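Numbering (the numbering used here), first residue to last: 6 to 195. Take a look at the structure set out below.
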């Protein structure tokens, strides 16, 4: 179990983040590497751009279910559009050559039914197999539950073995998409 240090700070009254604004965690990964996990903020746009542009072709295909050459402004607008209730994202940041770099992100977005949300998690290729995906998803599951959601799901490439393993580890049920056998649907009820 990773060491977790939780720090909550009082939000400023005009903050768009609500009570989650000052929340952040310093977590230690399985290999001892420290990471800062906190809610995504508007000023993270360039970090998000750099993160996506650094992903391998396979990681992009698994995350976006298709080929992505670079993060377009429209895609970034969508990814940065969080309201901390119906659309939430957590970023994992680590020091890299004197710079704070995004190394992972988890997010959910409410689906048509307000008691369900679709989720996604992406970890930088050079930060995989350290437990970061688990930490990011646990934060996401916790806030989704607190925000009143009862089910979380993800639609992934059926061949995405890392997501299958992560979903299984976290207790998600898996089934092939009845409309597209190349996709799997992972579901977690809480």
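Built from N, CA and C at the ideal position, the CB exists for glycine as well. Quick caveat: nothing in here was measured; it's all calculated off a predicted structure.
Kindly indicate the opening and closing residues of the beta strand (DSSP E) around residue i.
| i | result |
| --- | --- |
| residue 158 | 156-162 |
| residue 104 | 104-115 |
| residue 59 | Segment 50-59 is the alpha helix (DSSP H) holding residue 59; no beta strand (DSSP E) there. |
| residue 68 | Per DSSP, residue 68 belongs to no beta strand (DSSP E); it is in the alpha helix (DSSP H), 62-69. |
| residue 170 | Not the beta strand (DSSP E): residue 170 falls in the alpha helix (DSSP H), residues 166-175. |
Could you tell me which of the options sits nearest to residue i, measuring between CA atoms?
| i | options | result |
| --- | --- | --- |
| residue 142 | 152, 96, 91, 180 | 96 |
| residue 63 | 190, 185, 167, 173 | 167 |
| residue 55 | 108, 36, 162 | 108 |
| residue 194 | 185, 153, 186 | 153 |
| residue 132 | 124, 101, 122 | 101 |
Skipping 5 residues on each side, what residues in its chain have a beta carbon closer than 6 Å to that of residue i?
| i | result |
| --- | --- |
| residue 140 | 32 |
| residue 148 | 93 |
| residue 111 | 95, 126, 141, 142, 145 |
In terms of residue numbering, what span does the alpha helix (DSSP H) encompassing residue i cover?
| i | result |
| --- | --- |
| residue 139 | 137-151 |
Are the beta-carbon atoms belonging to residue i and residue j less than 8 Å from one another?
| i | j | result |
| --- | --- | --- |
| residue 40 | residue 84 | no |
| residue 137 | residue 87 | no |
| residue 163 | residue 187 | yes |
Just to confirm my understanding: we take residue i, look at its own chain, exclude 5 residues before and 5 after, and list those with CB closer than 8 Å. What are they?
| i | result |
| --- | --- |
| residue 176 | 193 |
Exercise. Can we say the stretch 74-83 touches the stretch 178-193, given the rule of at least three CB pairs closer than 8 Å?
Worked result: no
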